[in-house]
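Under this note's numbering, the sequence shown has 103 at position 77, and the numbering climbs by one with no breaks. Idealized CB from N, CA, C, for every residue including glycine. For reference, the structure discussed in these notes is given below.
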Amino acid sequence: MSLPRRGRGSRLAGCRVAGTSVPRATALSPQRAGRGAQSVSHAQRLTRRRHCSQQVPPEPEPQADFRSGKWLYERAGGDARDSRQALRAGMGSKHRTCGREHVVIPCASDNDSGSVDLQLSNIEDIKKRPSSIELTDSDISDFPGLLQDPLADSFTSLTHPGPLGEALVDRLIHSIEEGLRGDLKDEHAKLTFLRSLSSLSQSLPYDETTESFIHSHVDDIGRVLSVLVQEESLHSLFSPVRQEIFVLIAGLSYQDVHLLCGSEDRADLFSLITRSLITLPSTRTLTQLQEVMPNRPYSLESLYRQTFQAFSEMLQSLVVKDPHLENLDAIFKHMDPWLQSVVDHERERATASMAQVLKCLSRHLSLKLPLQFQRLGHLVAMMALLCGDPLKEVAEEAAEGTHHLLHITLRLKYITHDKKNHQGLKNALKKCRGLLELYSIKQFYNCPFKIAQVFEVFLNANELCQFVMTTLDGLNTQKHPCTQQSAGELLITLVKNAESRFEKVPEIMGVICARLSIISQPRVRQQIIHTVSLFISRPKYTDTVLSHLLCHPVPYDRHLAELWRNLQVELPSTTWILWRLLRKLQKYHNVPAREKMAYMAVAATNALYEVFVGNRLRAATFRLLPQLLMTLLVQVHHSIGLSMSDVAIPSGLYTGREMSSEVTPLCLALQATKTLLLRTLCWQEFYTIERNRGWSLLGGSDCHLQGVFLLANTLLERNHLLAHKVMYLLVPLLHRGNDKHQLTAAGFFVELLQSPVAKRLPGVYSMARLREWLHCGNDLFRILALRGLHNLVRHQEMQEDLSRLLPYIMDCLCEADKRIVLLAIQILLHVVKTMDPTTLASLMRTVFSLFGDARPDVHHFSMTLFGAAVKSVKCTDKKGVESQVLGSLVPLLLYSQDDTDTVAEESRRVLGICATFLKWKLPPEVYCKDPWCLRPTEVGTICRFFGKKCKGKINILAQTLMYSKDAKLPIRRTAVLFVGLFAKYMDRSELQSQGTGWIEDDLRILLHDPEPSLRMIASQALFQVQRTRTEPESEQTVCWLRKRMGCHPA
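What follows is the structure in structure tokens.
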């Protein structure tokens, strides 16, 4: 027993149905139905005009034509025939229907009087209400049509046919049940099933039985429709089954029965029917197929046109009553891949369908919160890209869709705007109006970047990100270069105007870097680079963009290198960007050295190199030259001896790319430093360093500081202004960073202390800092301290301050590191004249202990310092140091025979200074450079002189015997020879009191020396000592010695 019927009053009904074996109805346009006249909606007319051979006569209402740039005048009336009558006219008799009923199809209205006309003549000034800050509908009434009547009111005057009879309903249900059981074997059965469902759906508002049946079989109906679609050919169009499916779905959608939304199975059906229509062959192919098969019952071209129209109307039916925009979200989800299709006719169909959906939605918009459509930015970007499509038809359809999308956006933002920020929406509307005033409608929709300008004011941060991501996806279109060009224009326009309202900037940068390699057009590449430049110049995004750009393999490939080299940044921002990049590198110099170098430090170094090569940040490079130079020198120090295996490379960074063994952190740092000098016009400095092997010194583990000294001295000589800037920069940096950072900075700093400008530095920054380093446990810092003091002592004004550090400097003379000793000697040579007698005497004792040092340089300069000290003794203080001078005579005399020429020469020179101090006139033989063993007569003269001048000769012999144990053979030989010859000038009283046993014992030991010449001289010296002890006069000694040595008198 069937359920009782019930009336529901006037209600929006309808879908278009085709003839079946049961009575069926003809569809009417919703607004015409109210007047009892049939009509075709404006959306239908536009679709037919593009996809059908029918010509729609013009109407008097003006329309913005996105196809020809003219105003169209379309007649308010229209053809009253059903859109499928032409199709059925071509069918055979067996395919025709017997009767019809009339139902209403709510589609877009016939005229555009309710649409938002964007002509300047229709845009009024935004109302200003100083008395109230509340934003109401009237505040945005400047955009006509934005505020429309609720959807229900649009159809309240529509009349609908009465309910179907009970018998007819039962027959339809029976027919449908047979179809649901799978008895649809041929085309006629399929059409009967579909048309029965369409007819039955008309009774949904009036009949509980119909309502119960359809709602209980929704899933079954969807399953059968899915099967029917899959059975249709994907390569052609042979029957109106697809069309009837679309009509059925549209009709049920108008009755709030949705077969395409609400579950995963329904979404699959939506995807399936979309693919089945979009992927049909082009109309040209269908026409050719018709010619091959002329006996088909349908005109394939007409069948396609009407099937496409039904598909479009089906999509529109989903958004007529879509207050939360969830159906729009579903439609866009399924149309999105087809809007990006590389096949022209697929992209055209998808664009035309989307344009009609947007137009219908803009006519019947009745929004309610919450809104489910969260991809506005993606949709706007997609339509804007399509406006620049190379295919004219696609661009025209997209222009119309964008026209209506702007209306939707205005209303959507009005509904969702923050009620506490009314002024924000007012300002956005005002800006939108101002932009639209600049362009005509044709110009506006033909220029994607102008679309971006207008929509940008309404998009929030998330939507802006969607817009950018979608635009970047447009760069993948290599088949159509103009699409890449449109994407570039959109991107740069949006970033320029949106300023700092973006989120997910790292993701945007990631996509940009990935797309660089596929952008073939130079202009588009420059636009993309300009986009990155805009992001990086915003302080809010600078660090984020830099961090992402640095996370790429080094050395950078040619695409990323091109980006770094061509950054287009306004002058005020150049210093900020370069400074932030520099800070990225400095950050890793301020932490203790780790087992592996941070990859970001290497990447930042390479980035600086690329920026210097591009020379786009030239002004900032000159301004930050001191900081850049010092930071790169510190990076060189950190990179010494490292390979890329010593760098903490992020996992996956070099996936698919081989790491070159020739690339090292050191080579990257050196090339950046070289390029910096060249780009800042330091040509002479560059070649001076190169000529003196400075780059090798900088990269050496043991000579890095020497390279730093060379560079600092070169700057002082060639570019003193830059050197002074570096010196002042280094003052606050000397205690920052890790040891390598401090060492490099200190090395440069102490070398710059040679400059007269150093005198202006406060003592806390110069002398106090050096004193601190002088007490440091690190020998390198002590060396730098002494080097700095050596440079400061050249300034007369600094010597008084230096005198306080003399005890510490003199202590350095006893260090094992010869560099420390030599630097201390150099400093003391400058201040020795200013020393007081006590300090001077202490210095002479300390320096005397360095005579004979195994380090030739120390030996040499210790004698130099001793001579300088002797010369510095004042007349009144001579008595206090006379004994020290006398005690230095024999060592100096012996070292005049050293095998190191510089030491021997310095010994003779200092010996002369001592003789002058003692007011002695040395015999000329003292200054003879020949070995003593070859000229014993001259040696005898020297011994005679010292025998006469010196008292306490026994002490002289004792002192000389000490040198008989010297490590150097010439010194041992000279000492033994001197003992033998000097012995005859000994006083007998001294010999008797002291004895000669201890002398003879030392000489006997030397008789076993491995050196024959020393054994011979020791033997004769022993004989002479013994003879002197027994015979006071030994006049024959010299002659005898000459005979033993095989020499003859000259």
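Residue i and residue j closer than 8 Å at C-beta
i, j, result
"Leu520", "Ala478", "yes"
"Ala749", "Leu741", "yes"
"Gly725", "Val660", "no"
"Ile980", "Glu931", "no"
"Lys457", "Val483", "yes"
"Leu402", "Glu270", "no"
"Ile441", "Leu412", "no"
"Glu423", "Glu374", "yes"
"Val346", "His284", "no"
"Pro532", "His506", "no"
"Pro652", "Lys751", "yes"
Contacts around residue i, its chain only, beta-carbon distance under 6 Å, and the 5 residues preceding and following it disregarded
i, result
"Leu190", "Ser229"
"Ala646", "Thr600, Thr601 and Leu604"
"Asp246", "Leu206"
"Ser157", "Because Ser157 carries a pLDDT of 33, less than 50, the predicted location of this residue cannot be relied on, and no value is offered for it."
Cut-off 8 Å between Cβ atoms - residues of its own chain near residue i, not counting five sequence neighbours on either side
i, result
"Asp362", "His404 and Met408"
"Val689", "Val580, Pro581 and Met670"
"Asp765", "Ala619 and Asn804"
Local conformation of residue i per DSSP, three classes
i, result
"Val250", "helix"
"Phe988", "In the sequence as displayed, the identity of residue 988 is Met instead of Phe. Helix."
"Asp282", "coil"
"Asp672", "helix"
"Met685", "coil"
"Ala850", "helix"
"Ala645", "helix"
"Asp9", "Because the chain here runs from 27 to 1076, residue 9 falls outside it and cannot be looked at."
"Ala624", "strand"
"Asp20", "No answer is possible for residue 20: it lies beyond the span of the chain, which begins at 27 and ends at 1076."
"Asp583", "coil"
"Asp924", "coil"
"Asp883", "helix"
"Asp6", "Residue 6 cannot be examined here, being either before or after the span of the chain that is shown, 27 to 1076."
"Glu529", "coil"
"Thr305", "coil"
Integer Cβ distance of residue i from residue j, believed to fall under 8 Å
i, j, result
"Tyr625", "Val673", "5 Å"
"Val1002", "Leu1032", "6 Å"
"Tyr921", "Phe877", "7 Å"
"Leu344", "Asn353", "4 Å"
"Lys643", "Val595", "In the sequence under discussion, the amino acid at residue 643 is Leu, which differs from the Lys named in the question. Correct: roughly 7 Å between the Cβ atoms."
"Asp805", "Ile846", "7 Å"
"Gly814", "Leu779", "5 Å"
"Phe807", "Ala772", "7 Å"
"Arg268", "Leu217", "In fact, because the Cβ distance is near 11 Å, the residues do not count as touching under 8 Å."
"Leu306", "Tyr330", "7 Å"
"Ala630", "Leu704", "Wrong, their Cβ atoms sit about 20 Å apart, outside the cutoff."
"Gln342", "Cys386", "4 Å"
"His350", "Gln398", "5 Å"
Contact set for residue i: own chain, Cβ-Cβ below 7 Å, skip 5 residues either direction
i, result
"Met870", "Phe892, Ala895, Val907 and Gln910"
"Asp883", "Lys844 and Leu848"
"Cys940", "Val896, Val911, Ser914, Leu915 and Leu918"
"Asp1028", "Leu987 and Ser990"
"Thr1056", "none"
Run of the alpha helix (DSSP H) containing residue i, from where it starts to where it stops
i, result
"Trp721", "Gly720 to Leu724"
"Ile477", "Pro474 to Glu482"
"Thr740", "His730 to Arg744"
"Trp709", "Trp709 to Arg717"
"Asp362", "Glu352 to Leu365"
"Ala695", "Pro691 to Arg705"
"Asn523", "Pro507 to Ala524"
"Phe337", "Leu326 to Val345"
"His801", "No alpha helix (DSSP H) holds His801; DSSP gives it neither H nor E."
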